[in-house]
Amino acid sequence: MKRELDWDHVRTFLVAVRTGSFRQAAEKLGVNHGTVHRAISALENSLGTRVFDRTTSGLQLTQSGEALIEPAEEMETQANTITRKLSGLDLEPAGTVRLSLPPALSHGLLADMLCGFSERFPEISVRTISTNRVSDLQRLETDISLRVARNVDEDVLGRKLLTFVQAVYASPEYLRTHKDLIATKGRGAHWIAWSEFQDWIADSPFPDATVRHVLPEVSMQIEAAAKHLGLIKIPAFTGDADPRIVRVPEVPLQPGYPVWLLYHRDLRRVARVRAFVDFAIDYFSRNERLFSE
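What follows is the structure, given as structure tokens:
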């Protein structure tokens, strides 16, 4: 006999579909693998049919699983709407704010911002997700997103806080062993790059420097540069904060990207969200020079 569906089981199903494995679904949900397995088993018992075939190559949706996706996403939309509407009744600046931001902003900057925020709002805790992936505000993956992007096309509230600049850095030791970088156009030097293909290198002051390592997060690049492994081009506010590396002389600042603060419109009257939004806007305004020089 079929039983009523449990939303938590359906939600777990959707996360498993989107991540492709029980292990990744567990990481996404912040639970262990067994919890995900039990939720899917309970869902299949409720439906009286399998939704996944477990294969050596990963999860494969069954015909029943394929048919479940659309109504499951409709349930998700309704659940998220209920959550946002009821959250909007929260009038006290207390509780937890979930914040997503890229590693470049979490490196050094986040602790300084949280220090002031915690003093002003001691009843609010902040749970962060440091990721280069764009968090889905519509699905309430996070309450607030600090995002680095050229443009934002989602139906969300927010504003562009500022546009940062980038600079080229290396360790003092690396500069001592690679003299005349400008004159040689970087010949014999190496870049530590964000990805394998970096079009901007050809237009940089060091087009003849080759990519030696690909490290996709700013903290990795700073550590590598501090160990004298090469040149890095990173946001100036992150590079200037680390005394182990210095700006490469005679290299002009490079244009960076806008920083946006975004949140779902249904959360605009939630006191803890409003408190963090207002504080963050003020923080970036007061510290704008850190991002532009």
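What the sequence shown shows, in the working numbering, is residues 143 to 435, in sequence order. The beta-carbon is built from N, C-alpha and C at its ideal position, and this holds for glycine as well. This one's a predicted model, so the numbers in the text were calculated from it and none came from an experiment.
Taking all protein chains shown into account, Gln-202 has fewer than 16 neighbouring C-beta atoms within 10 Å of its C-beta and is therefore exposed. For Gly-381, the enclosing alpha helix (DSSP H) has its first and last residue at 378 to 381. The three-state secondary structure of His-151, taken from DSSP, is helix. Taking Ala-181 as the centre and dropping the five residues before and after it, the same chain places the C-beta of His-151 and Thr-154 closer than 6 Å to its C-beta, in chain order. Cβ-Cβ distances below 7 Å link Lys-170 to Val-157 and Thr-161 in the same chain, with the five nearest sequence neighbours on each side left out; the list follows chain order. DSSP places Gly-328 outside both helix and strand once states are collapsed to three, so it counts as coil. In the DSSP assignment, Ile-266 falls within the unbroken beta strand (DSSP E) covering 266 to 272. In this structure, DSSP gives Ala-312 an extended state, which the three-state scheme calls strand. Here Leu-403 really is in contact with Leu-288; their C-beta atoms are around 6 Å apart, less than 8 Å.
In the three-state DSSP reduction, Pro-358 falls in the coil class, being neither helix nor strand. In the DSSP assignment, Lys-375 is bridged to Val-310. Excluding the 5 residues flanking it on each side, Glu-265 has same chain C-beta neighbours closer than 6 Å at Ala-236, in chain order. Boundaries cannot be given for Thr-204, as no alpha helix (DSSP H) includes it and DSSP labels it neither H nor E. Phe-259: member of the alpha helix (DSSP H) spanning 251 to 262, first to last residue. Cβ neighbours of Leu-357 within its own chain (closer than 8 Å, five residues either side excluded): Ile-334, Ala-335, Trp-336, Gln-363 and Ala-366. The criterion of a C-beta distance shorter than 9 Å is not satisfied by Val-353 and His-320. For Pro-245, the enclosing alpha helix (DSSP H) begins and ends at 245 to 248. Contact annotation: Leu-323 and Pro-347 have beta-carbon atoms nearer than 9 Å.
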